[in-house]
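In the numbering used here, the protein residues as written are 36 to 422.
Ideal placement from N, C-alpha and C gives every residue a C-beta, glycine not left out.
Quantities reported herein were computed from a predicted structural model and do not represent experimental measurements.
Here the structure is laid out as structure tokens; the discussion comes afterwards.
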Amino acid sequence: MPAAVQSVLETMTSSPSFENLLSPTAPACLDVDAPQSWRRIIHVDMDAFYASVEQHDRPELRGQPIAVGRNSERGVVATASYEARRWGVRSAMPARRARELCPDLIFVPPRMERYREISQQVHDIFARYTDIIEPISIDEAFLDVTENKIGEPLAVNIAKAVKADIRRELGLTASAGVSYNKLLAKIASDWRKPDGLCTIHPTKALEFIDRLKVEHLWGVGPATAARMHKMGIQTAEQLRRVELPEMVRLFGKAGWNYWRFVRGIDDRPVRPFRVRKSVGCEHTYRADIRTPLDLERALGDLAEELVARAAAKTFIALTLTLKVRSHNFDTVTRSKTADRPWLDAAQVKEGARELLAAVGIPKSGIRLLGLTLSTPLERDARQGMLV
Ligand code: TTP
Ligand code: MG
Ligand code: MG
36 MPAAVQSVLE TMTSSPSFEN LLSPTAPACL DVDAPQSWRR IIHVDMDAFY
86 ASVEQHDRPE LRGQPIAVGR NSERGVVATA SYEARRWGVR SAMPARRARE
136 LCPDLIFVPP RMERYREISQ QVHDIFARYT DIIEPISIDE AFLDVTENKI
186 GEPLAVNIAK AVKADIRREL GLTASAGVSY NKLLAKIASD WRKPDGLCTI
236 HPTKALEFID RLKVEHLWGV GPATAARMHK MGIQTAEQLR RVELPEMVRL
286 FGKAGWNYWR FVRGIDDRPV RPFRVRKSVG CEHTYRADIR TPLDLERALG
336 DLAEELVARA AAKTFIALTL TLKVRSHNFD TVTRSKTADR PWLDAAQVKE
386 GARELLAAVG IPKSGIRLLG LTLSTPLERD ARQGMLV
């Protein structure tokens, strides 16, 4: 990091008065057209996520250069521990190249289910502080804590509390960025990794932005960055000198965003995605179920209903739970987690039959049957995998 940027950051993060400026009455110096009330946004991203989970679960891997991925000819590194990064090992690198860079590299096969489980636990920690949580991937999310559940006015204190909970309860580290918009919170979380906490003060935002390289800006990929470099533009400050009509002419709609970003303006809201944990249905029968034929029919109907409800909510999950209440009100549940999701009624019915066989059919008759799906696949996981 250039010394100048470092010094700006030091000033920002050590400024005790910063958080008090995050108030609706703070001067709206950044958006001249639409004065904004400062929001308090935190971006949290887990450090070397898959690798850290492996090192946590397997103490013998701690302090070692590890790569999560398959050590095969066509294998690719999903992520590397910070020890391996010192050797230049990076995400998306072919395993063969990683082995060349770091001959002692230890490859660990991925365990997606475990990472999803931890991801959910991290999410549960966020939810102690706010319901406005926008998951971005398996290991990161935005939190809007302008209003929060613990009535804490200082966003940085919430970021500290989240990091401390993650460390204490999960034995993992996360980095957090705090600012008044998503763009800056995201850049800030990346700034001091691992175990970082960086705050970007609204009144220092432009000073901070000026020193960013254009590739740090949201939406500027390698191709756009290369175009900007050709035009002699390396930093956000240089990009700020390009007038709006020219920016739009050059980069279309994205140009409008760049024009705003380099002025510290980003009013995209944190869009909460309520994580549904289960979908279920149950039925109390007017007459107790006593015959195998009635039981077959009841299970079939319930399975159909469950699949339809889950489909309506676009809910996809791995665990099926059966609930059985007998005539004399004894209630038993049994679950089964499959390695592929429960998607069709025949499959659900078959699973329910197996669970019922494990529970045993109550001799007094069945008063109630219920089926529930849980252990959801996360959003991105369903589009090919969260990451
Ligand atoms: P990142 O948050 O990008 O990376 P990271 O958590 O491993 O490391 P950092 O400390 O820099 O945040 O991605 C989260 C997880 O997503 C990562 O642990 C593994 C997975 N992943 C891939 O499988 N392939 C990829 O190309 C990347 C970038 C990530
Ligand atoms: Mg990460
Ligand atoms: Mg991430």
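Cβ pair residue i, residue j closer than 8 angstroms
i: residue 5; j: residue 313; result: No answer is possible for residue 5: it lies beyond the span of the chain, which begins at 36 and ends at 422.
i: residue 412; j: residue 328; result: no
i: residue 369; j: residue 378; result: no
i: residue 230; j: residue 208; result: yes
i: residue 191; j: residue 157; result: no
i: residue 79; j: residue 179; result: no
i: residue 159; j: residue 100; result: no
i: residue 359; j: residue 404; result: yes
i: residue 275; j: residue 298; result: yes
i: residue 383; j: residue 330; result: no
i: residue 169; j: residue 162; result: no
i: residue 240; j: residue 77; result: no
i: residue 103; j: residue 127; result: no
i: residue 402; j: residue 301; result: no
i: residue 263; j: residue 249; result: yes
i: residue 380; j: residue 406; result: no
Span of the alpha helix (DSSP H), counted from its first residue to its last, around residue i
i: residue 497; result: Only positions 36 to 422 of the chain appear in the structure, and residue 497 is not among them; the question remains open.
i: residue 334; result: 327–347
i: residue 11; result: Limits of the chain in this structure are 36 at one end and 422 at the other, which puts residue 11 out of reach.
i: residue 461; result: In this structure the chain extends from 36 to 422, so residue 461 is not present and cannot be described.
i: residue 386; result: 380–394
Closest Cα partner of residue i within the set the options
i: residue 145; options: 175, 190, 199 and 90; result: 90
i: residue 181; options: 341, 159 and 217; result: 217
i: residue 123; options: 259, 136 and 129; result: 136
i: residue 109; options: 133, 95 and 92; result: 133
i: residue 113; options: 98, 129 and 343; result: 129
i: residue 152; options: 205, 95 and 165; result: 205
i: residue 82; options: 105, 104 and 232; result: 232
i: residue 186; options: 165, 174, 264 and 202; result: 165
i: residue 253; options: 237, 265 and 271; result: 271
i: residue 188; options: 344, 147 and 75; result: 75
i: residue 374; options: 148, 219, 93 and 111; result: 148
i: residue 351; options: 364, 372 and 131; result: 372
i: residue 237; options: 154, 223, 131 and 286; result: 223
i: residue 321; options: 228, 243 and 333; result: 333
i: residue 243; options: 228, 335, 219 and 266; result: 219
i: residue 317; options: 234, 125, 385 and 338; result: 338
i: residue 150; options: 167, 142, 84 and 307; result: 84
i: residue 364; options: 390, 303 and 319; result: 319
i: residue 397; options: 387, 386, 367 and 410; result: 367
i: residue 376; options: 346, 394 and 388; result: 346
i: residue 348; options: 335, 315 and 355; result: 315
i: residue 73; options: 183, 111, 215 and 381; result: 215
i: residue 107; options: 93, 183 and 131; result: 131
i: residue 307; options: 228, 269, 167 and 226; result: 167
Element boundaries [beta strand (DSSP E), containing residue i]
i: residue 143; result: 141–143
i: residue 318; result: 313–324
i: residue 407; result: 401–411
i: residue 78; result: 76–81
i: residue 371; result: 366–372
i: residue 203; result: Per DSSP, residue 203 belongs to no beta strand (DSSP E) and is neither H nor E.
i: residue 358; result: 352–361
Contact test: residue i Cβ vs ligand 4 heavy atom, cutoff 7 angstroms
i: residue 228; result: In the structure on display, ligand 4 does not appear, and the ligands it does have are ligand 1, ligand 2 and ligand 3.
Checklist entry - Mind listing, in chain order, the residues whose beta carbon lies closer than 6 angstroms to a non-hydrogen atom of ligand 3? => result Answer in sequence order: 80, 172, 174 and 175.
Item to check | Start-end ranges of the beta strand (DSSP E) lying completely within the stretch 212–284, minimum 3 residues | outcome: 232–234
Checklist entry - Of all the alpha helix (DSSP H) runs that stay within the bounds of the stretch 156–201, which reach a length of 4 or more residues? => result 190–200
Checklist entry - Of all the beta strand (DSSP E) runs that stay within the bounds of the stretch 92–117, which reach a length of 3 or more residues? => result Runs found: 101–104 and 112–115.
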